[in-house]
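**Student:**
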Amino acid sequence: MSTAAHAVLPGRGGFFGSLSDLFWRRPGVLLLVMLAPPVLWLGVIYLGSLFALLAQSFFSIDEFSGLIKYELTLKTYGELLRPSNMDIIVRSVLMASVVTIAAAIVAFPVAYYAARYASGKWKALFYIGAMLPLWSSYLVKVYAWKLILAKEGILTWIFTKLHLMWALELVLAIPVIGGNSLSVSYIGTFLVFLYVWLPFMILPTQAALERVPVSLIEASSDLGAAPRETFWNVLLPLAFPGIVAGSIFTFSLTLGDYIIPQIVGSSRLFIGQAVYAQQGTAGNIPLAAAFTVVPIVIMGFYLWGARRLGAFNAL
Amino acid sequence: MTAAVSFQKVSRHFGEVRAVDEVDLEIVPGEFFAMLGPSGSGKTTCLRLIAGFEQPTAGHIEIFGETAEGVPPYRRNVNTVFQDYALFPHLNVIENVAYGLKMRGVGKAERAGVAAEALDLVQLPGYGDRRPGQLSGGQRQRVALARALVNKPKVLLLDEPLGALDLKLREQMQEELRALQKRLGITFIFVTHDQGEALSMADRIAVFNEGRIMQIGTPEEIYRRPQTRFVADFVGSSNVLPPEFAERFGGSGKWASLRPEAIETVPPGTGATAEGRVAARNFLGASTRIAVDVDGLRLHVVLPASAEAPAEGETVGLTWSPGDLHLMDET
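Chain order of the listed sequences is W and E.
Per my numbering, residue 8 is the first one in the first sequence, and the count goes up by one each step.
Per my numbering, residue 319 is the first one in the second sequence, and the count goes up by one each step.
(1) Assign Leu-322 (chain W) to one of three DSSP states: helix, strand, or coil.
(2) What separation, rounded to the nearest whole angstrom, lies between the Cα atoms of Pro-347 (chain E) and Gly-603 (chain E)?
(3) Would you say Met-8 (chain W) reaches chain E, if we count a Cβ-Cβ gap shorter than 8 Å as a contact?
(4) Quick check on Pro-471 (chain E): buried or exposed, where buried means 16 or more other Cβ atoms within 10 Å of its Cβ?
(5) Mind checking Thr-261 (chain W): buried by the 16 CB within 10 Å criterion, or exposed?
(6) Closer than 6 Å by C-beta to Ala-376 (chain E): which residues in its own chain qualify, once you throw out the five before and the five after it? Chain order, please.
(7) With 8 Å as the threshold, decide whether the Cβ of Pro-479 (chain E) is near any Cβ in chain W.
(8) Counting only C-beta atoms, is Ala-313 (chain W) closer than 8 Å to chain E at any point?
(9) Threshold first: 4 residues or longer. Then list the alpha helix (DSSP H) segments lying entirely within the segment 92 to 173 of chain W, N to C.
(10) Checking 8 Å against the spacing of the C-beta atoms, do Leu-645 (chain E) and Leu-617 (chain E) come in under that value?
(11) How big is the Cα-Cα spacing for Pro-479 (chain E) and Leu-201 (chain W)?
(12) Identify, in the order they occur along the chain, each residue of the same chain with its Cβ nearer than 8 Å to the Cβ of Ser-555 (chain E), setting aside the five sequence neighbours on each side.
(13) How long is the line joining the alpha carbons of His-511 (chain E) and Ala-524 (chain E), rounded to whole angstroms?
(14) If we cut at 8 Å on Cβ distances, does Val-241 (chain W) have a partner in chain E?
(15) Kindly say whether Ala-131 (chain W), judged by its beta-carbon, lies nearer than 8 Å to any beta-carbon of chain E.
(16) Would you mind telling me which residues of chain E sit closer than 8 Å to Ala-232 (chain W), beta carbon to beta carbon, in chain order?
(17) Which residue or residues does DSSP assign as beta-bridge partners of His-618 (chain E)?
(18) Give the residues from the segment 39 to 50 of chain W that approach chain E closer than 8 Å (Cβ to any Cβ), ordered along the chain.
(19) Considering only their Cβ atoms, is the gap separating Met-421 (chain E) from Leu-230 (chain W) smaller than 8 Å?
(20) Can you check which of these residues, E:Leu-409, E:Glu-428, E:Gly-418 and E:Ala-427, is closest to Tyr-445 (chain E) by C-alpha distance?
(21) If you follow the beta strand (DSSP E) that Glu-350 (chain W) is part of, which residue opens it and which one closes it?
(22) Can you list, in chain order, the residues of its chain with a C-beta nearer than 6 Å to that of Arg-336 (chain E)? Leave out the 5 residues immediately preceding and following it.
(23) CB-CB under 8 Å to Glu-86 (chain W), same chain, minus the five flanking residues each way: which ones, in chain order?
(24) Between Gln-533 (chain E) and Ser-254 (chain W), what straight-line distance do the alpha-carbon atoms span, to the nearest angstrom?
(25) Relative to the C-alpha of Gln-492 (chain E), which residue among E:Asp-477, E:Glu-515, E:Val-473 and E:Ala-482 is closest?
(26) Any beta-carbon of chain E closer than 8 Å to the one on Leu-322 (chain W)?
(27) Quick check on the burial criterion: 16 or more other C-beta atoms within 10 angstroms. Buried or exposed for Thr-363 (chain E)?
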């Protein structure tokens, strides 16, 4: 205790010392330094290319020469309304809706278990279980599913051994969604979509359920609500924002995907495949761009509807 | 008469932990019963056993003569005011209050009327449209109370309901709760770790420690005649005198308790019962609390504000009437 302690310590000095002082005096400078790179990336490269794409959709293609006419027109959007193109849109939206609803139903019990009961190593196991599919290659997973669902695949083998082949055949005999085997039917496409996007539904649902205090469940029960009533009146409304967050992923990812329906399913196109085909082999960039706008518009309506339902009130 | 709540050798163990250990308890209908104890003493678990959130490991529980084990909470005519109030954040105040009625199938119009009456009862008329998030702590507490009372429960359970409120509001709510209970005649069972709250509000108190009931009695009994060292120390922070020390003042080989406010200070050498040096002095407003070291034992003395309190380091004489030295059952 030889030197008397000062009330104000001397500056650290040096470049980093004065930098710290500057950031403390002017927090805005720090914010600018931190935000400039991502804002430049998002604003110029990401949004810029998106608008370039959207602009394409207002051009049209010359049917004789196959060249793009750089004149603003709604002709390409008109083409979207052709029955063959409308089929693609309706098919994609229906598939995305069914996948989303199924994912919500499958994810809820898993998420509920993880949020309410799992702790310690079981919770770690849950996270690994939910995330593991995201760690492996998407393509490998889809091809793996093709092997599982194929006519000579594991599923057929299991059903044969269990003498339940008649049940599988009954399902495949259903018109439209059935087919020659699961791997070439809409049911197969649906199963693979459900598997691949399920983690995106489980995790937000689990996060929402985790925030519901146990005392609310107890209070509901205390006030005379049977478990079923507690589910509908307390648990589901409070988990709803999480389910909507998850559904935004499952819905939009299904809507835009072009690989799964290509590998597993009937040969009928989904939006993603249409975009792929139009900009590639067909060389019709304007129509591809117009197709791209469709999921964006649908998601816009989807989010608006979700907001109307109060999905974001609890965020 | 049938007890409102009756525990017969009730235990609730969590693995090795004996949260509640062979508790016997009879709560009289219409009484304001407090369960008092430090945290982890088993009082909240007892409350949860009555509500039905926990099931006993062993023993038998009756609520108004009916067996309670194996009956889920939603089939018990018992309601709880939770420590964190547990108001449903997605429902407004009136929907929260009417929740229990809705679950019982009461019609929408009738529900609204009865719930509004309940809000009047807790002095929150016209608050029905607000969300719980827009209310203060005291208001949330009242809504929680209305939500429980609207169901006209046979027993109302309150789990440290005043813990989160500031002092002024807490004192006001204590009075209101007490008045409400007398008016409605419902059996209230109140869990608290605040001995002042238990003493001022309850008809009878059960003092809990380590999963067992140490003593059951009226506030006066608990305060004046504690049966164990723990009760004497926990309720009103009494001076606990070891047997050999108590014997010098007329004890008989048992532990004794001496209330701090029963002791008076006198100038040293003037026929004082004991003499000692003042080790600490705390001014508390209405009173002054001093600690006096008497032959290695620290005695706390609470003096009224009107009395002249001795300064730290001074030697004082202490005196009390022999009747105030209460001998406990513990040797």
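For every residue, glycine included, the Cβ atom is placed at its ideal position computed from N, Cα and C.
**Tutor:** Working from what's here:
(1) Note on Leu-322 (chain W): pLDDT 49, under 50, position unreliable in the model; the coordinate value appears next. Coil at Leu-322 (chain W), not helix or strand.
(2) The alpha-carbon atoms of Pro-347 (chain E) and Gly-603 (chain E) are separated by roughly 39 Å.
(3) Residue placement at Met-8 (chain W) cannot be trusted, given a pLDDT of 49 that sits under 50; what the coordinates show is reported in the next sentence. No, Met-8 (chain W) lies away from the interface with chain E (no Cβ there is under 8 Å from its Cβ).
(4) Pro-471 (chain E) is buried by the Cβ-count criterion.
(5) That one is buried.
(6) Ser-329
(7) no
(8) no
(9) 128 to 142, 145 to 156 and 161 to 168
(10) no
(11) 46 Å
(12) Pro-578 and His-618
(13) 11 Å
(14) yes
(15) no
(16) Tyr-392, Tyr-417 and Met-421
(17) E:Ala-609
(18) none
(19) yes
(20) E:Leu-409
(21) A question about residue 350 (chain W) goes unanswered here, because the residues of chain W that appear run from 8 up to 322.
(22) Gly-529
(23) Asn-92, Leu-294 and Ala-297
(24) 57 Å
(25) E:Glu-515
(26) Only weak support is given to the placement of Leu-322 (chain W): the predicted model assigns it a pLDDT of 49, under 50, and the value that follows is read from those uncertain coordinates. Cβ-Cβ to chain E under 8 Å: no for Leu-322 (chain W).
(27) buried
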